[in-house]
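If you count by the numbering used here, then the sequence shown holds residues -13 to 515, one letter each, in order.
Beta carbons are placed, not taken as given, at the ideal position from N, Cα and C, and that holds for glycine.
These numbers come from a predicted model, not from an experiment.
Data block below; observations after.
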Amino acid sequence: YTPQGGFTEGGQALAADDTALQALTTAALLCNDARLQAPADPASAWTVLGDPTEGALVVLAAKAGLQADVLAAQAPREAELPFDADHQLMATRHRLPQAPQRVYVKGSPEAVLRLCTGHTDAATLAAARQAAEHHATQALRVLALAQVDDDTLDGGFDALAGRARLLGLVGQIDPPRDEVRVAVAACRAAGLRPVMVTGDHKLTGLAIARALGIAQAGDRAVDGAELEHMGEPDLREALPSIAVFSRVQPAQKLRIVQALQARGDVVAMTGDGVNDAPALAQADVGVAMGITGTEVAKSAAKIVITDDNFASIVAAVEQGRVVYGNLKKVILYLFATSIDEVLILLLALLAGYPLPLAAVQILWINIVTEGTLTVNLVMDPPDGDEMRRAPTPRDDPLIDRTLLARVLLMASAAVVATFGWFAWRQGQGVPLDQLRTETFTVLAMCQWFNLLNCRSATTSALRLRSVANRWLAAGLAASVVLQGLVLYAPPLNAMFHTVPLAPATLPLLLAVASLVLWVEELRKLFARR
């Protein structure tokens, strides 16, 4: 927004006091509600109070040597027609020294040129339309400015038709941030389809959408007028090929969201204005801008992005997938480590064996062994492929067939390892206290290996990433230490009916318990292939 620069015409320098340029920039500055603010110190940047598009026009006028305060005193505003989305116009009336009153009009080229028909010659209007379309295809946001030498604003915008004289066009661009292009590519890879809803000309929107990767080959743009003539069946059928909606009204934004939902899509809608509120409330996830967003938009939305950055929305999607994935990991772990205990006890009863575990030992595993690991599993970092997975269906059950199959496989492996050891050692005539202690330890070790199994459905637990979760590593270490205490601390021996085991026995028990790891590793190998 630094008000420094010059003008050229045909490659040659153009004087700032050029008559046509002065008329254009005067209109741009007077028909404007934004203000340019100088920096508090030389190291700071110039800023704008108000709409950024209008702010750019203020900077343009400043480059032409116009000062807002001076011009406002010379041509005070007497009346105005605020910007109207339906007409795509704004108008202000001023008292000028050289003319009794003058109306300045600013808006979309198509809207302003309609007012100029009959006053500005046809050749000029045709050239203006061609220039506006050309600049729109270059991703420029194009505004037209005109003036009416009359004192009438009472009849609204329609009363200005045929009486406006075109002053010129202004094209400006707000270059997309580099991270937006990367974020759009991440959306595509994650199975998300971004759609642009813009107030710009559809050619401008389509050019920007193509530059960002929002519009693919064969995609098209539809403006509000075209949308108005489309029936609901036609709109739903055309939605997969529409990448840009331009010049749309608030009611049409709501209609777009509803049409996408009618197709079964889960819709996230971003917005910042009052007119975005209905669509934000209707969307499955309304996302409001925290910096530029109005309070109405923030109230209607479910999420507020504090930095107004599209890349933050994509990062939120990734974190949502991480949280959902970790939740399913915990469910898998809890189910697998609960079912195996039940099955072991049932098998012992059916086979006529003594109970392989004391009640207090089962309590220890459920509270201490699992308690030190479950919460930490929720804090597992991203697997790295979250944004390469297909979106989760709206009705996806937390316990689906895939998860249930893994539960049964992991629980079965733990039962085979634990009950197999118990039955074998029972046949050897091992004293019951030692037998229960060994069985108790094997089952606790199975929980440790199952923790590693649950961290990924396809990635091997043997990879170095397995130590990336420091909280999980700390929880696992705490579980191992506590298990050691319950085996070798005399007070805990008495409380939990355990006896100290020979240290040479522990590696053998660990090897037996690792069966649950190798079974799951084999399943993951087949899953990857």
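Asked	Found
Nearest-angstrom Cα distance between residue 299 and residue 495?	48 Å
Given that a residue counts as buried once 16 or more other Cβ atoms are within 10 Å of its Cβ, and exposed if not, what is residue 124?	exposed
Establish whether the CB of residue 397 and some CB of chain B are separated by less than 7 Å.	The structure shown contains no chain B, having only a single protein chain.
What is the rounded straight-line gap between the Cα of residue 449 and the Cα of residue 201?	39 Å
Measure the C-alpha to C-alpha separation of residue 508 and residue 305 and round it to an integer number of angstroms.	29 Å
Alpha carbon to alpha carbon, how far is residue 275 from residue 163? Give it in angstroms, no decimals.	16 Å
Counting C-beta neighbours from all protein chains within 10 Å, is the total for residue 187 16 or more, i.e. buried, or is it exposed?	buried
Please determine, among -3, 49, 407, 369, the residue with the shortest C-alpha to C-alpha distance to residue 3.	49
Taking 8 Å as the cut-off, does the stretch 202 to 215 touch the stretch 243 to 253 (at least 3 CB pairs, one atom from each stretch)?	no
Use the C-beta contact count for residue 350: other C-beta atoms within 10 angstroms, 16 or more gives buried, fewer gives exposed.	buried
Pick out the complete beta strand (DSSP E) segments inside the stretch 113 to 192, 3 residues or longer, and give them in chain order.	127 to 134, 151 to 158, 182 to 184
State the Cα-Cα distance for the pair residue 87 and residue 80, rounded to the nearest angstrom.	6 Å
Under 8 Å Cβ to Cβ from residue 216, same chain only, skipping five residues before and after it: list those, please.	208, 224
Do you know offhand how far residue 127's Cα is from residue 57's?	26 Å
Using the beta-carbon count (16 or more within 10 Å), is residue 64 buried or exposed?	exposed
From the DSSP secondary-structure annotation, give me the bridge partner or partners of residue 341.	Residue 341 pairs with nothing; no bridge assigned.
Quick one: Cα of residue 320 to Cα of residue 423, how far?	22 Å
Looking at the strands, I want to know which residues DSSP matches up with residue 353.	Beta-bridge pairing links residue 353 to no other residue.
Which residues in the same chain have their Cβ closer than 7 Å to the Cβ of residue 431, if we skip the five residues on either side of it in sequence?	495, 496, 499
Is it buried or exposed for residue 146, if we count other Cβ within 10 angstroms and need 16 for buried?	buried
Taking just the CA atoms, how far does residue 60 sit from residue 134?	18 Å
Who pairs with residue 215 in a beta bridge, going by DSSP?	Bridge partners of residue 215: none, in fact.
Measure the CB-CB distance between residue 232 and residue 191 and report whether it falls below 7 Å.	yes
Out of curiosity, what's the CA-to-CA distance linking residue 96 and residue 115?	8 Å
Select from 157, 148, 407 the residue whose C-alpha is nearest the C-alpha of residue 120.	157
How do the stretch 278 to 297 and the stretch 351 to 358 stand: do at least 3 beta-carbon pairs fall below 8 Å, yes or no?	no
Taking the alpha-carbon of residue 484 as reference, which of 472, 377, 490, 106 has the nearest alpha-carbon?	472
Just list the beta strand (DSSP E) runs in the stretch -12 to 72, keeping only unbroken ones of 3 residues or longer that don't cross its boundaries, in chain order.	-7 to -5, -2 to 0, 21 to 23, 33 to 35, 63 to 70
Okay, do the stretch 331 to 344 and the stretch 405 to 414 touch, 3+ Cβ pairs below 8 Å being the bar?	yes
Where do the N-terminal and C-terminal ends of the alpha helix (DSSP H) with residue 284 fall, by residue?	281 to 286
Identify, in the order they occur along the chain, each residue of the same chain with its Cβ nearer than 7 Å to the Cβ of residue 477, setting aside the five sequence neighbours on each side.	none
Using the three-state DSSP reduction, which class does residue 517 fall into: helix, strand or coil?	No answer is possible for residue 517: it lies beyond the span of the chain, which begins at -13 and ends at 515.
Looking at residue 176: is its Cβ nearer than 7 Å to the Cβ of residue 365?	no
Using a threshold of 7 Å, state whether the C-beta atoms of residue 33 and residue 23 are closer than that.	yes
Between residue 77 and residue 102, is the Cβ-Cβ spacing less than 7 Å?	no
Just to confirm my understanding: we take residue 293, look at its own chain, exclude 5 residues before and 5 after, and list those with CB closer than 6 Å. What are they?	none
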